[in-house]
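One structure below.
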Amino acid sequence: MKPSFNSYCLALLCILICACSGTRPSGTTEAEILFKEAQKYIDKKQYILANEKLNTLRSQHPYSYYATPAELIQADILYKQENFIESASAYILFRDFHPKHEKIAYVVWMIAESFYNQLPSTADRDLSQGYEALKYYQEVVAKYPKSEYVDQARERSTVISEMFKEKEQYIADFYFKTKIFDAARYRYLAMIDEFKESNILDHSIIRVLLSSLELGEKPECVQYAKILRKKLSASAVDQFEKVLDQCKTN
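Mapping the sequence shown onto my numbering, position 223 (from 1) lands on 839, and the numbers just tick up by one.
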């Protein structure tokens with residue numbers, strides 16, 4: 617009697633299952649085996665299969681030694697998949713439940729990195745995630761000064777701070793260009809109080825005087841000039857004097 621078509625299909629399915637399953641890694645417990653299987657899939661960048669193994673491990677063996685590392689690895693998988701919103705939440709959750717974990721400096725660093733990677737490429741867009749990233753970078757520096765992440769945390773903090781400055785100037789310049797001079801002056805004055813870079817100060821001081829001129833407030837323009845002159849760099853003096861002369865004319 618010849619084998620039926622269904623028999624051929626069943627035999628082929630069994631062969632494929634065996635070929636895909638391969639030899640399971642050795643381990644003293646089922647949790648350890650699942651953990652090692654997940655790591656093998658991660659090495660091959662098969663993250664969905666790795667997650668399945670880790671989910672099984674955490675659900676069936678929640679009190680095993682491998683349950684906590686599995687939780688952290690799942691956060692890492694989200695990050696590797698560039699699911700940065702989800703990875704930030706996963707790392708924060710891990711930090712809340714395991715505040716004394718041996719890798720806590722790494723966890724805080726990865727929270728910061730997850731927020732950092734949500735930032736836009738230009739400063740004219742929403743930078744709200746930068747505040748969260750900066751907060752956690754500062755935590756790395758303050759709480760884990762001997763960790764390997766400190767130098768990078770400082771570098772990232774500087775990048776974010778520069779983006780914030782660019783954003784403030786972008787907003788002030790936008791008000792100036794659209795002739796909303798009272799709002800522009802307010803923004804420039806805030807920048808003068810907050811920032812110390814000469815290029816920002818020079819630009820902001822000149823724009824404060826010009827905004828006052830455009831508002832028809834020449835006495836205020838002269839008064840601002842007296843107060844702000846000492847913060848001006850030598851390279852901007854000529855332009856400053858030209859605007860001031862306009863403020864003094866009737």
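Backbone N, C-alpha and C define an ideal beta-carbon position, used for all residues, glycine too.
- DSSP, reduced to helix, strand and coil, places threonine 794 outside both helices and strands of the structure shown, so it counts as coil.
- The shortest CA-to-CA distance from lysine 762 to any of Tyr786, Ala749, Ile720 is the one to Ile720.
- In the three-state DSSP reduction, serine 737 falls in the coil class, being neither helix nor strand.
- Between the segment 798-817 and the segment 751-758 there are fewer than three C-beta pairs closer than 8 Å, too few to call the two in contact.
- Listed in chain order, the alpha helix (DSSP H) runs fully inside the segment 688-733 are 700-713, 720-732, counting runs of at least 4 residues.
- Of Glu702, Tyr786, Gly832, the smallest CA-CA separation from phenylalanine 731 is found for Glu702.
- A straight line joining the alpha-carbon of arginine 770 with that of leucine 825 spans about 36 Å.
- Residue state for serine 763 is assigned as coil, using DSSP reduced to three classes.
- Per DSSP, the unbroken alpha helix (DSSP H) holding proline 835 starts and ends at 834-844.
- Shortest Cα-Cα distance from lysine 842 to any of Asp861, Leu831, Tyr695, Ser851 involves Asp861.
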